[in-house]
């Protein structure tokens, strides 16, 4: 969901399919909405000179889009060898089964229910295909199964819905938890400080060239929203719906259901820490 101002380093305008870094090409799914921004970014990754590619988040069950991803790879002289998922929300993962049929690939994910094949994904795993190296970074919070993928050769990180290219994301309570999400943002900040990551390849919205600025923005935004929710509770707003109407009054009402999930996660966090 998007409820905030522009992020640091954010380009303006419509997101389009095409190269984003030396190893990453975006194939934009045709599913724009208030929740998906310009649509889902399906990432096609490959090492320069290699004939093999990895796809991250094939997106919704849209045969035209799935075939477009395959056509894009073929035009680049690549064969898709593996499919990875950042998390299980339908706009990222619903098309994975059909995509696996079309490409003959395994699907690797944290959630066993989403996998096709014997191998899953977990903390510390390194995925290598055709010389391409991706490091698996657990980033739960948006959902419990959310992962990010560190692409060290491009000093980039694919963040799924953990960090978006425009606005901010929701914490999908009860599966998503705010404490986990804050820890995940700090983990991503460590990548920017310790590993030199400067580019965010998000699941929705434009590429961000100031990864550290984006993470700091998200952390500051979450702290601000949490303080607003705490103040609202102290002022007598008790239910999540009441808090949303008060705190998110400046946000498009079509996003209030998503905001309510985040508020539920914030209320749970405040209770767990004895703050309300």
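In my numbering, the protein residues as written are 46 to 321.
The beta carbon of each residue, even a glycine, is placed where N, CA and C say it ideally should be.
All values reported here derive from a predicted model rather than from experimental measurement.
For residue i, the first and last residue of its enclosing alpha helix (DSSP H)
i: residue 115; result: 108-120
i: residue 235; result: 223-239
i: residue 302; result: 301-317
i: residue 244; result: Segment 244-247 is the beta strand (DSSP E) holding residue 244; no alpha helix (DSSP H) there.
i: residue 267; result: 256-279
i: residue 148; result: 141-148
i: residue 286; result: 285-292
i: residue 138; result: 135-138
Cβ distance (whole Å) where residue i is taken to contact residue j below 8 Å
i: residue 93; j: residue 67; result: 6 Å
i: residue 288; j: residue 278; result: 7 Å
i: residue 151; j: residue 128; result: 7 Å
i: residue 186; j: residue 222; result: 6 Å
Classification of residue i by the beta-carbon crowding that lies within 10 angstroms, buried from 16 upward
i: residue 319; result: exposed
i: residue 283; result: exposed
i: residue 64; result: exposed
i: residue 173; result: exposed
i: residue 169; result: exposed
i: residue 229; result: buried
i: residue 298; result: exposed
i: residue 112; result: exposed
i: residue 231; result: exposed
i: residue 317; result: exposed
i: residue 146; result: exposed
i: residue 307; result: buried
i: residue 91; result: buried
i: residue 79; result: exposed
i: residue 48; result: With a pLDDT of only 43 at residue 48, under 50, the local geometry of the prediction cannot be trusted, and no value is derived from it.
i: residue 269; result: exposed
i: residue 58; result: Unreliable positioning characterises residue 58 in this predicted model, as indicated by a pLDDT of 44, which lies under 50. A coordinate reading is not provided.
i: residue 46; result: Any reading at residue 46 is ruled out, since the residue's pLDDT is 38, under 50, leaving its predicted position unreliable.
Rounded straight-line distance, which links the Cα of residue j to that of residue i
i: residue 184; j: residue 224; result: 11 Å
i: residue 199; j: residue 312; result: 38 Å
i: residue 171; j: residue 303; result: 33 Å
i: residue 314; j: residue 155; result: 24 Å
i: residue 153; j: residue 132; result: 10 Å
i: residue 203; j: residue 251; result: 12 Å
i: residue 211; j: residue 148; result: 31 Å
i: residue 121; j: residue 275; result: 52 Å
i: residue 310; j: residue 266; result: 15 Å
i: residue 197; j: residue 60; result: 24 Å
i: residue 205; j: residue 281; result: 36 Å
i: residue 161; j: residue 217; result: 25 Å
i: residue 143; j: residue 213; result: 30 Å
i: residue 158; j: residue 293; result: 34 Å
i: residue 207; j: residue 82; result: 14 Å
i: residue 301; j: residue 165; result: 34 Å
i: residue 244; j: residue 234; result: 12 Å
i: residue 321; j: residue 249; result: 34 Å
i: residue 191; j: residue 226; result: 10 Å
i: residue 240; j: residue 180; result: 12 Å
Own chain residues within Cβ distance below 7 Å of residue i, not counting five before or after
i: residue 114; result: 72, 87, 89, 100 and 103
i: residue 220; result: 188 and 189
i: residue 96; result: 122, 123, 124 and 175
i: residue 105; result: 74, 76, 85, 135, 136, 139 and 140
i: residue 305; result: 285, 286 and 289
Check: residue i C-beta below 8 Å from any heavy atom of the ligand COA
i: residue 157; result: Questions concerning the ligand COA fall outside what the structure shown contains, since it holds no ligand whatsoever.
N-terminal and C-terminal residue of the beta strand (DSSP E) that residue i is part of
i: residue 183; result: 177-183
i: residue 187; result: Element bounds for residue 187: n/a, residue is neither H nor E.
i: residue 98; result: 97-101
i: residue 195; result: 192-196
i: residue 81; result: Counting along the chain, residue 81 falls outside any beta strand (DSSP E), and DSSP gives it neither H nor E.
i: residue 125; result: 124-129
i: residue 204; result: 201-205
Chain-order list of residues whose beta-carbon lies under 6 Å from that of residue i (same chain, five-residue window excluded)
i: residue 107; result: none
i: residue 257; result: 237
i: residue 242; result: 200, 202, 236 and 256
i: residue 126; result: 97 and 174
i: residue 182; result: 193 and 195
i: residue 271; result: 311
i: residue 50; result: Any reading at residue 50 is ruled out, since the residue's pLDDT is 41, under 50, leaving its predicted position unreliable.
i: residue 273; result: 292
i: residue 295; result: none
Nonlocal neighbours in the same chain, by C-beta distance under 8 Å from residue i, ignoring five residues either side
i: residue 75; result: 84, 107, 109 and 110
i: residue 117; result: 62, 70, 72 and 89
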